[in-house]
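Per my numbering, the sequence shown starts with residue 2, numbered consecutively. Think of the CB as a built atom: it goes at the ideal place given N, C-alpha and C, for glycine as much as any other residue.
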Amino acid sequence: MTQKEQSPITRAMFDQLILPVYAPAQFIPVKGQGSRVWDQNGDEYIDFAGGIAVNALGHCHPNLVKALHEQSEKLWHVSNVFTNEPALQLAQRLIDSTFADRVFFANSGAEANEAALKLARHYAIEKFSPYKTKLISFYHSFHGRTFFTVSVGGQAKYSDGFGPKPADIIHIPFNDLDAVKAVIDDQTCAVILEPVQGEGGLTSATPEFLNGVRELCDQFHALLIFDEVQSGMGRTGTLFTYQQYGVTPDILTSAKALGGGFPISAMLTTEAISSVMHPGVHGTTYGGNPLACAVGIAAFDTINSPQVLASINAKRELFIRELEQINQQFNVFTQYKGKGLLLGAELAPQYHGKARDFLNVATSFKVMILNAGASVLRFTPSLVITDEEIKEGMQRFAKAVAQISAS
Ligand SMILES: *Cc1c(COP(=O)(O)O)cnc(C)c1O
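Quick look at the structure:
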């Protein structure tokens, strides 16, 4: 062993070794079990962040560990020159449980959205006209960090500074049907939206808006894309959020919780739309990798069970009751947002812009939370977090709020 390998691994190394695009917490997690995480010092944290809505079954769920272990001794990777059993089994499950007839697997939310946007453009060009390329998107939306997806996303600060952007992308206010009416036309290939805007502050689409957008898309032969990377896989109480609205998209993307912590994503669509694709039009090396799909199957079967899905709203209610108790004492929240366990607490005006401070102080009281924008706290815990863990985490969080309100 070299001297370097013997020296302790420290948070300071991050600042020397890693591209400085993140500002991680000062502790380094080394172990997780359920909704608890331990750092290098053995300090225990309650996890209300769930790896940003990824660890939907907490850490090291036995079903996922078993699937990963079993598949790891069979077959890891064969490329898309071959197909594999786990990919076909996971695709079958996704198709059986949704509107979709076809699945494309990728490795991240951005890649699933990249595929969705390319498919929408290609479909419009093949079926209608080379000029049917306009994409309608919404302010505060987030669709990933590839250059196409970040340009489609509704926050210019993330896409500025990288040179010429992909053309024909329009951003308008979310939940504003008149704004959609004003820009949608025969040259529109797709409208893309999150039924609950995840990064953008946990604003839920209104039913009138989703229904209205669906009608307008039909009228102008534009495809409706739902980005359910964050809102899907049980997070809001149904397998996908569109199922609560009864508004069906033409293309849906899933990632984050799809692998419960193992990188995998999927784009779902119909037979008619997928008919414009053929070998060579799009692809990826790892997408549909047997290891990822085996874990995905275990995550899918565990999440898509009546017990888990039916418990989501009761857990949300418990979170809100606990938050309300804190609020009665400290007056920090003005409203609760989102759906199910995609839960937001909007900060009172005097705390606007300070969501990140709440995260940092919460960490010092050993509870992990998130923000969604600068003024909304976000809770995206494991879908199987226990009531006892919610209460214990909230006791810790109450101390953090007390400290902030006293400062
Ligand atoms: C996280 C997220 C993405 C991007 O997913 P990555 O895996 O980071 O590429 C896209 N859309 C939504 C709604 C997300 O929450």
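Starting from residue i and walking both ways along the alpha helix (DSSP H), at which residues does that stretch end?
i	result
H70	63 to 73
D358	356 to 365
E393	388 to 407
S312	307 to 331
K133	No alpha helix (DSSP H) contains K133, which DSSP labels as neither H nor E.
L89	86 to 97
D219	208 to 220
G33	Element bounds for G33: not the alpha helix (DSSP H) but the beta strand (DSSP E), 30 to 34.
L292	291 to 304
Q17	12 to 18
G52	51 to 54
Among the options, which residue has its Cα nearest to the Cα of residue i?
i	options	result
S408	I126, V362, F398, V377	V362
M395	F380, S406, V385	F380
L58	K257, L253, L269	K257
D302	G235, R317, F15, Q41	G235
T286	P25, E71, F83, V31	F83
Q188	D179, I171, F175	I171
L253	T239, D228, L259	D228
P30	A24, P21, R12, T207	R12
Q34	Q7, N64, Y23, L20	N64
I193	R94, I304, L118	L118
D179	L217, L384, A116, A267	L217
I185	V214, G164, P165	V214
V309	V197, N42, I386	I386
D251	L259, A107, Q198, R103	R103
P350	Q41, Q156, A375, I327	A375
S73	L292, F331, P196	L292
P264	N56, N42, Q27, G247	N56
N114	L360, S275, N372, S266	S266
N305	T237, N328, G262	T237
N440	K400, E195, G261, V197	The requested residue 440 is not part of the displayed model; the chain covers only 2 to 408.
T147	A111, R37, V197, V333	A111
L360	V402, Q326, R322	V402
G51	E71, S36, S275	S36
G262	P9, P382, W39	P382
A311	E71, L384, Q220, P9	L384
Report all residues from its chain with a CB closer than 7 Å to the CB of residue i; omit the five preceding and five following residues, and keep chain order.
i	result
D358	I405
R397	I47, F366, K367, V368
T249	F100, Y243
K316	L342, I386, I391
G247	none
G164	none
F210	N176, L178
Leaving out the 5 sequence neighbours to the left and right, which residues in its chain are closer than 6 Å to residue i when beta-carbon positions are compared?
i	result
L91	C294, G297, I298
A191	A121, L136, A223, L224, I226
P167	F149, S152
F105	A116, M268
Q27	R12
H60	G33, Q34
Given residue i, which residues of its chain have a CB within under 8 Å of its CB, disregarding the five upstream and five downstream residues?
i	result
G154	S138, S142, F143, H144, G145, S160
V1	Past the edges of the chain, shown from 2 to 408, lies residue 1, and the structure says nothing about it.
V377	G202, L203, K338, G345, A346, E347, L348, A356
I19	none
D388	K316, L319
A54	G199, Q231, R236, K257, A258, L343, T381
Over the uninterrupted beta strand (DSSP E) stretch that includes residue i, give me the two end residues.
i	result
V38	37 to 40
S266	266 to 270
R146	Unbroken run through R146: none, as it is neither H nor E.
V277	From DSSP, V277 is part of no beta strand (DSSP E); its letter is neither H nor E.
A346	343 to 348
F105	103 to 107
G339	334 to 340
L378	377 to 380
L224	224 to 228
D48	45 to 48
Cβ contact (3+ pairs, closer than 8 Å) linking the segment 274 to 291 and the segment 61 to 81: yes
Pair every Cβ in the segment 45 to 53 with every Cβ in the segment 366 to 375, then say whether three or more of these pairs are closer than 8 Å. yes
List in chain order: all unbroken alpha helix (DSSP H) runs of 4+ residues lying wholly within the segment 233 to 259. 243 to 246
Does the count of Cβ pairs from the segment 197 to 207 and the segment 128 to 145 closer than 8 Å reach three? yes
Evaluate contact between the segment 341 to 349 and the segment 230 to 246, counting only Cβ atoms and requiring at least three cross-stretch pairs below 8 Å. yes
What are the uninterrupted segments assigned as beta strand (DSSP E) that are 3 or more residues long and contained completely in the segment 160 to 206, given in chain order? 170 to 173, 189 to 194
Pair every Cβ in the segment 92 to 110 with every Cβ in the segment 240 to 255, then say whether three or more of these pairs are closer than 8 Å. yes
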